[in-house]
Every structure is written in C-alpha cells, then in structure tokens.
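When we follow UniProt numbering, the leftmost residue of the sequence shown carries the number 1, and every step to the right adds one.
Notes follow the structure.
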Amino acid sequence: MAPAPRFSPEEQERLILLAAVTAIEESSLLDFSMSAIAKLASLSMGSVYKFVQCKEDVLIALATKMYQERRRVFKQVLSLPLTTPERIIAISLLDFSKVRMYSFDDQLESIVNTRAIMKRSSTRWLNSMIEGCQTCDGTFKSFLQAAADSGELISGERDIEEINLSSWALAVGYFYTVRLHHNRSKEQEVIDEECLPALEPDNVHIRSLQRLINTFDWQVKVSKEDITKTCECLVKHGLR
C-alpha cells in the first residue's frame with residue numbers, strides 16, 4: 001500500500017501560495033521561479049505542477065485569493081450602519097492595509113489583467129479569477145439594487161450602472177495617480193505601499209466623490225458632517 005501523502009490538497013495549496021508570495025517578494029512578479037516555490041514549500045516539483053501548471057497560473061491563483069479577500073472586506077463596509085451614499089464613500093476612506101493581501105497587490109492586478117498572462121494561464125485558474133472579479137462587481141451592484149428597491153435611490157434602477165461605473169472609475173483613477181506620483185518621488189527606492197495613509201475627509205478625492213454621488217437622486221445626500229461620521233464608523237469597526 002502506498003504511503004499516505006504528507007499534506008492534503010488544501011494544505012498543499014496553502015503551502016504553494018505562501019511559498020509563491022515569498023518567492024515573488026525575494027525576486028519580483030516577473031523573475032520568480034517555480035523551483036523556488038517548490039523549495040520554499042518543501043514540496044516536489046511534481047506536487048507543485050499538479051496545482052499550478054506555469055508561472056502565469058501562480059499569478060492568477062494569487063489574484064484569485066486577492067479578489068476573494070477584497071470582496072470580504074467590501075461586504076463588511078457595505079453592511080455598515082450608514083446610508084448607501086455614505087457606504088460608497090466609506091470604501092475610499094478605508095485604511096488601505098485592510099484591503100491589501102500582498103505587498104505587491106497593485107502590480108499583481110495590473111499584470112494578471114493583461115491579455116498575455118490570461119492567454120497563457122490554465123482554464124481552471126483563469127475562470128476562478130474571472131469569477132472572483134465578477135463576484136466583487138456583483139456584490140456592489142446588488143448593494144445598489146437594494147438601495148433602488150427600498151426607494152433610497154429615488155431614480156431607481158436607471159442610475160445603478162452609472163453610479164457603479166463612475167464611482168469605481170474615479171477611485172481607480174485617483175489611487176493610480178497617487179501611486180504613480182509616490183513611486184516617482186521615491187525614484188529607485190523600494191516602495192512599501194502600505195505606508196500610504198488613509199484619506200482624510202477633506203481629501204480631494206473624497207470631495208470629488210461626494211460631489212459625484214450627490215449628483216444622483218438620493219433621499220438624503222452626503223454632507224461634510226456625514227463624511228466625518230463615516231470615518232468614525234470605520235474606526236469603530238476596525239476598518240480605519
């Protein structure tokens with residue numbers, strides 16, 4: 001009788017992904033090797049390749065876990081005892097470390113969403129990542145749908161897609177610009193993006209987001225005092 005494997009499939013997955021994070025941090029998202037992952041995980045190359053078939057699979061698998069964690073935190077924010085407009089703004093007022101899974105989250109997200117990486121990854125992992133992204137997006141749309149159904153969003157379903165697209169586009173664009181400026185100002189130094197502070201209530205992005213949200217037809221629009229209250233709520237729930 002063959003000996004039982006040392007680790008269950010779930011444990012092997014955990015070890016491989018932990019090793020992948022270390023391998024990437026010790027090199028880069030482009031330069032890590034599968035052999036380094038096997039060595040760090042104390043597994044054979046065969047065991048690693050049963051789980052991930054190539055480096056692209058490794059990146060996609062890590063991104064899948066990242067999106068799952070992001071959805072967990074966003075669901076927590078979207079269930080806070082705040083109005084719907086306040087909760088939309090709360091997402092940008094989060095402590096950034098609460099939604100970060102790896103030190104290289106932002107670079108990872110940029111890489112895995114390129115056609116070259118997706119084309120080379122296996123169907124299993126690509127489908128898992130796409131499902132994770134769609135679930136994140138679906139969570140936010142369901143949240144807006146609930147506001148429309150309750151009458152809090154007076155215009156109803158008509159504005160859901162526009163609120164979803166415009167608020168996310170504003171947030172993504174702002175944070176991309178800030179990180180780009182931050183990286184350039186540090187020149188060749190290693191950047192720890194977790195050092196970026198949580199946004200203050202009077203930050204230009206928060207003011208812009210407030211102005212955008214208030215263009216839609218809500219029962220109650222967002223005031224400066226509401227944004228301060230939102231910050232306090234995030235602190236109370238350990239999210240800021």
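Cβ atoms here follow ideal geometry from the backbone N, Cα and C, with glycine treated the same way.
Status (buried if at least 16 other CB within 10 Å, exposed otherwise) for residue i
i, result
"Arg70", "buried"
"Val222", "buried"
"Ala116", "exposed"
"Asp159", "buried"
"Val21", "buried"
"Leu108", "buried"
"Gln210", "buried"
Proximal residues to residue i (C-beta, below 6 Å), its chain only, five neighbours per side dropped
i, result
"Val77", "Ala90, Ile91"
"Gly132", "Thr64, Tyr67, Gln68"
"Met101", "Met66, Glu69"
"Ser110", "none"
Residues of its chain near residue i, where Cβ-Cβ distance is below 7 Å and the 5 sequence neighbours each way are ignored
i, result
"Gln53", "Ser122"
"Ser128", "Thr64"
"Asp105", "Met66"
"Cys136", "Tyr67, Arg70, Arg71, Phe74"
"Leu80", "Arg87, Ala90, Cys233, His237"
"Lys141", "Ile160, Asn164"
C-alpha distance - residue i paired with residue j, whole-angstrom precision
i, j, result
"Arg6", "Arg14", "13 Å"
"Ala41", "Thr84", "44 Å"
"Ser103", "Thr215", "36 Å"
"Ser44", "Ile37", "10 Å"
"Glu56", "Arg120", "6 Å"
"Thr230", "Pro9", "42 Å"
"Leu126", "Glu225", "43 Å"
"Asn203", "Gln12", "44 Å"
"Val235", "Pro201", "13 Å"
"Met118", "Leu29", "15 Å"
"Phe143", "Gly46", "44 Å"
"Gly151", "Gln219", "8 Å"
"Arg124", "Ile60", "10 Å"
"Glu232", "Lys50", "47 Å"
"Ile130", "Leu82", "30 Å"
"Ala146", "Val178", "32 Å"
"Ser208", "Glu26", "38 Å"
"Val58", "Val112", "10 Å"
"Phe96", "Leu18", "21 Å"
"Ala169", "Leu62", "24 Å"
"Tyr174", "Gln134", "22 Å"
"Tyr176", "Leu165", "16 Å"
Anticipated Cβ contact below 8 Å, residue i with residue j, distance rounded
i, j, result
"Ile227", "Ser167", "Not really, about 15 Å apart at Cβ, beyond 8 Å."
"Leu94", "Ala171", "No, Leu94 and Ala171 are not in contact; Cβ-Cβ is about 11 Å, not under 8 Å."
"Glu148", "Glu157", "In the sequence as presented, Glu is not what sits at residue 148; that position holds Ala. Going by Cβ atoms, the distance from Ala148 to Glu157 rounds to 5 Å, so yes, they are a contact pair."
"Ile163", "Asp217", "Rounded, the Cβ-Cβ distance is 11 Å, inconsistent with contact."
"Lys75", "Thr114", "Contact doesn't hold; Cβ gap of about 28 Å is too wide."
Same chain, Cβ closer than 8 Å to residue i, five either side skipped, listed in chain order
i, result
"Val48", "Ile16, Met34, Ile37, Ala38, Ala41"
"Val73", "Leu94, Lys98, Val99, Leu239"
"Ile206", "Ile89, Ser92, Leu93, Leu199, Glu200, Ile227"
"Ala23", "Phe32, Ser33, Ala36, Ile37, Leu40"
Contained alpha helix (DSSP H) runs [length at least 4] in the segment 86 to 119, N- to C-terminal order: Within the segment 86 to 119, the complete alpha helix (DSSP H) segments at least 4 residues long are 105 to 112, listed from N- to C-terminus.
Sequence ranges, alpha helix (DSSP H) only - wholly within the segment 191 to 226, length at least 4: The segment 191 to 226 contains, as complete alpha helix (DSSP H) runs of 4+ residues, the segments 204 to 213 (chain order).
Which runs of the alpha helix (DSSP H) fall wholly inside the UniProt domain "HTH tetR-type" (10 to 70) and span at least 4 residues, in chain order? Fully enclosed alpha helix (DSSP H) runs of 4 or longer: 34 to 41, 45 to 51.
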